[in-house]
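Asks: In our numbering, the protein residues as written are 33 to 166. Note that CB positions come from ideal geometry on N, CA and C, so glycine has one too. Source: prediction; values computed, not measured.
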């Protein structure tokens with residue numbers, strides 16, 4: 033399968049740190065018809081959980097966030113789904129390193145024979161990152 037990096041919009045936000053909040057958030061997303069391609073979150077101690085997501089439709093997520101009063105920070109990421117094979121991540125990271133782009137964050141996973149990845153860079157390096165992965 034041919035692979036291609038796709039520019040996507042990501043959103044970062046916080047939710048209350050209490051039991052069931054993430055399940056409630058997922059239910060509200062579902063009822064609003066918002067599909068996520070990726071969701072990540074973490075919390076340390078009593079601080080608010082920090083979440084990031086990449087929705088299939090940024091406009092649908094923006095509308096949802098406004099209706100929820102959810103304050104979000106938007107960012108840009110590159111998204112890839114490809115066949116998984118040994119060295120797939122290493123080759124991608126070497127291309128980025130050779131370009132001089134600095135990676136801010138990366139999230140990768142595989143399911144079966146498929147490999148998925150999101151890569152973020154700061155604004156100063158995003159275009160360089162995109163060119164390196166084109």
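Taking the C-alpha atoms as reference points, what is the distance between residue 33 and residue 111?
Replies: Residue placement at residue 33 cannot be trusted, given a pLDDT of 45 that sits under 50; what the coordinates show is reported in the next sentence. Residue 33 and residue 111: Cα-Cα distance of roughly 16 Å.
Asks: Using C-beta distances below 7 Å, list every residue in its chain close to residue 39, excluding the 5 sequence neighbours before and after it, in chain order.
Replies: Once the five neighbours on either side are set aside, the close Cβ partners of residue 39 are 108, 110, 162.
Asks: Let me know if residue 51 comes out buried or exposed under the rule of 16 or more other beta-carbons within 10 Å of its beta-carbon.
Replies: Answer is exposed; the Cβ neighbour count stays below 16.
Asks: Are residue 47 and residue 80 closer than 8 Å when you measure CB to CB?
Replies: Cβ atoms of residue 47 and residue 80: closer than 8 Å.
Asks: DSSP on residue 90, reduced to helix/strand/coil?
Replies: Of the three classes helix, strand and coil, the one that applies to residue 90 here is helix, per DSSP.
Asks: Counting pairs of beta carbons, one from the stretch 53 to 69 and one from the stretch 89 to 105, are three or more of them closer than 8 Å?
Replies: Yes, the stretch 53 to 69 is in contact with the stretch 89 to 105.
Asks: On a CA-only basis, which of 154, 139, 153 is nearest residue 147? Give me that one, please.
Replies: Per the Cα distances, 139.
Asks: Taking its Cβ as the centre, do 16 or more other Cβ atoms sit within 10 Å of residue 123, making it buried, or is it exposed?
Replies: Flag for residue 123 reads exposed.
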